[in-house]
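Quick note on my numbering: the sequence shown kicks off at 504 and runs consecutively. Structure, as structure tokens:
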Amino acid sequence: MQMAASCRLPPLPTIREIIRLYNLRAQKQLSQNFLLDLRLTDKIIRQAGNLRNACVCEVGPGPGGLTRSILNAGAADLLVVEKDSRFIPGLQLISEAAPGRVRIVHGDVLTYGMDTAFPPHITKEWEDEPPDLHIIGNLPFSVSTPLIIKWLEEMSNRTGPFAFGRTRLTLTFQKEVAERLTASAGSRQRSRLSIMAQYLSTVNTCFTIPGRAFVPKPDVDVGVVHFTPLVKPRIQQPFKLVEKVVRNVFQFRRKHCHKGLEMLFPEAQRLRMTEELLRRADVDPTLRPADISVGQFRALTDAYGKLCRENTDLFSYEFREELRQKRHRHRQMKSERR
Ligand code: SAM
Numbered sequence: 504m505q506m507a508a509s510c511r512l513p514p515l516p517t518i519r520e521i522i523r524l525y526n527l528r529a530q531k532q533l534s535q536n537f538l539l540d541l542r543l544t545d546k547i548i549r550q551a552g553n554l555r556n557a558c559v560c561e562v563g564p565g566p567g568g569l570t571r572s573i574l575n576a577g578a579a580d581l582l583v584v585e586k587d588s589r590f591i592p593g594l595q596l597i598s599e600a601a602p603g604r605v606r607i608v609h610g611d612v613l614t615y616g617m618d619t620a621f622p623p624h625i626t627k628e629w630e631d632e633p634p635d636l637h638i639i640g641n642l643p644f645s646v647s648t649p650l651i652i653k654w655l656e657e658m659s660n661r662t663g664p665f666a667f668g669r670t671r672l673t674l675t676f677q678k679e680v681a682e683r684l685t686a687s688a689g690s691r692q693r694s695r696l697s698i699m700a701q702y703l704s705t706v707n708t709c710f711t712i713p714g715r716a717f718v719p720k721p722d723v724d725v726g727v728v729h730f731t732p733l734v735k736p737r738i739q740q741p742f743k744l745v746e747k748v749v750r751n752v753f754q755f756r757r758k759h760c761h762k763g764l765e766m767l768f769p770e771a772q773r774l775r776m777t778e779e780l781l782r783r784a785d786v787d788p789t790l791r792p793a794d795i796s797v798g799q800f801r802a803l804t805d806a807y808g809k810l811c812r813e814n815t816d817l818f819s820y821e822f823r824e825e826l827r828q829k830r831h832r833h834r835q836m837k838s839e840r841r
């Protein structure tokens with residue numbers, strides 16, 4: 504990794520010229536919306552913090568607007584992961600203008616393994632300051648939501664980009680999703696994503712970008728969201744267990760929370776075990792899902808974890824599967840009677 508002494512890029516064709524030069528028409532089916540205004544990409548990059556001599560992974564660089572801002576901010580080792588091969592020549596042009604500072608991966612960020620993508624010496628202890636490694640991206644909305652769920656799971660397991668420590672993320676989301684990620688208890692946008700993101704990290708919406716800033720213009724505005732993993736997650740249970748409890752609670756978001764929690768248990772013991780869970784967690788069964796705090800979710804997941812240890816098959820129980828089997832048996836009985 505070289506030190507970016509003089510980090511500003513030499514003059515390059517504009518992003519608009521790159522798009523024209525390589526005939527990079529945005530593909531609607533890939534939800535490609537480009538940022539051409541370098542003042543705006545600089546503003547996004549500033550939200551990540553000080554990038555001087557940092558390692559950065561940019562996901563979905565496309566024609567390279569954010570890429571240029573990352574390099575101009577002084578990143579020393581920039582790994583870009585782009586799925587669409589049409590963008591690779593334009594990215595190579597940027598790479599040649601910043602010798603030794605850019606690595607280009609033509610691949611899918613959803614499957615790209617980041618554990619070994621950066622030198623081990625940048626690794627920091629989890630309890631230390633975050634490492635000098637940042638993940639930055641303006642991804643299509645269809646990718647950013649599954650990707651943040653995957654990264655939150657890796658954050659919880661300290662794998663992927665979090666094998667290097669508390670790696671910070673600066674990502675764009677559809678405004679509505681950005682609002683869900685940061686929503687506090689009691690707000691209309693409070694959802695599964697709010698709990699999953701907030702129990703593991705400090706999440707902030709930095710600013711909103713109007714849809715008209717993108718080419719082509721999407722139908723929605725976009726939020727820039729920054730995540731810093733917490734030293735101590737606010738819930739100390741395995742990710743999958745937290746996800747199961749939170750998913751069940753929010754499946755009936757307008758009902759009292761006991762309704763969703765009931766579905767964690769087989770029909771025969773449903774009411775008794777839900778009562779036991781709520782009693783152990785000391786949570787009011789008539790709370791609505793959106794009103795439950797992260798602390799109350801901690802109490803619920805701790806109580807559910809304990810019940811799972813006492814009842815070995817409980818965690819693998821899925822009420823949809825029980826329902827499917829019940830319907831199957833019912834159909835069989837009906838056809839036997841005919
Ligand atoms: N970062 C550029 C910008 O801000 O102008 C492009 C943004 S565009 C919304 C999203 C980019 O992500 C496109 O270049 C697209 O090809 C790329 N992309 C989409 N899915 C991807 C995936 N699974 N892995 C890597 N790149 C992906």
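A virtual CB, placed ideally from N, CA and C, is assigned to each residue, including glycine.
Completely contained alpha helix (DSSP H) runs for the region 713-759, where each covers 4 or more residues: Listed in chain order, they are 742-753.
Residue 719 Cβ short of 7 Å to the ligand SAM heavy atom set: Between the ligand SAM and residue 719, a heavy atom-to-CB distance of less than 7 Å is absent.
Residue 535 beta carbon near the ligand SAM (any heavy atom closer than 7 Å): Because some heavy atom of the ligand SAM lies under 7 Å away, the Cβ of residue 535 counts as near it: yes.
Distance CB(residue 643)-CB(residue 533) smaller than 8 Å: A contact, by the Cβ cut-off of 8 Å.
CB-CB length for residue 760 against residue 790, believed under 8 Å: Confirmed, about 5 Å.
beta-carbon residue 590 near the ligand SAM non-hydrogen atom, thresh 7 Å: A distance criterion of 7 Å places the beta-carbon of residue 590 in contact range of the ligand SAM, judged by its closest non-hydrogen atom.
Alpha carbon of residue 744 to alpha carbon of residue 549, nearest angstrom: Cα to Cα, the separation comes out at about 36 Å.
Cα-Cα separation between residue 553 and residue 569, rounded to whole angstroms: Taking the straight line joining both Cα atoms gives about 15 Å.
Limits of the unbroken alpha helix (DSSP H) element including residue 662: Neither: residue 662 is in no alpha helix (DSSP H) and is coded neither H nor E.
Exposed unless 16 or more other CB atoms sit within 10 angstroms - verdict on residue 734: Burial call: exposed.
CA-to-CA distance, residue 841 to residue 724, given in whole angstroms: Answer to the nearest angstrom: the Cα atoms are 58 Å apart.
Span of the alpha helix (DSSP H), counted from its first residue to its last, around residue 833: That run of the alpha helix (DSSP H) goes 822-840.
Beta-carbon contacts of residue 681 that lie in its chain and below 6 Å, excluding the five residues immediately before and after: For residue 681, the CB contacts under 6 Å within the same chain, skipping 5 residues up- and downstream, are 708, 726 and 728 in chain order.
8 Å contact criterion, which residue 578 and residue 562 should meet: CB distance rounded: At roughly 14 Å, the Cβ-Cβ gap does not stay under 8 Å, so residue 578 and residue 562 are not in contact.
Inside the region 555-640 only - alpha helix (DSSP H) runs reaching at least 4 residues: Segments of the alpha helix (DSSP H) lying fully in the region 555-640: 568-575 and 591-600.
DSSP bridge partner residues for residue 814 (one or two, in chain order): None; residue 814 has no bridge partner.
Nonlocal neighbours in the same chain, by C-beta distance under 7 Å from residue 618, ignoring five residues either side: Contacts found: 662, 663 and 666.
Enclosing beta strand (DSSP E) for residue 781 [first to last residue]: Residue 781: not part of any beta strand (DSSP E); member of the alpha helix (DSSP H) spanning 773-784, first to last residue.
Alpha-carbon to alpha-carbon, residue 756 and residue 700: Taking the Cα positions, residue 700 is about 18 Å away from residue 756.
Any non-hydrogen atom of the ligand SAM closer than 7 Å to residue 726 Cβ: Closer than 7 Å to some heavy atom of the ligand SAM: that does not describe the Cβ of residue 726.
Any non-hydrogen atom of the ligand SAM within 7 Å of residue 593 CB: Flag unset: Cβ of residue 593 not near the ligand SAM.
Three-state secondary structure (DSSP) of residue 701: In this structure, DSSP gives residue 701 a helical state, which the three-state scheme calls helix.
Cβ shell of residue 588 (< 8 Å), same chain only, five flanking positions each side left out: For residue 588, where only same-chain residues beyond five positions count, the Cβ hits under 8 Å are 609.
Bridge partners - residue 799, DSSP secondary structure assignment: Residue 799 pairs with nothing; no bridge assigned.
The ligand SAM heavy atom lying under 7 Å from the CB of residue 723: Residue 723 Cβ: outside cutoff for every heavy atom of the ligand SAM.
Chain-order list of residues whose beta-carbon lies under 8 Å from that of residue 523 (same chain, five-residue window excluded): If we look at residue 523 and ignore the five residues flanking it on each side, it has no Cβ neighbours.
Whole-angstrom C-beta distance between residue 659 and residue 703, which should lie under 8 Å: Right, their Cβ atoms sit about 6 Å apart.
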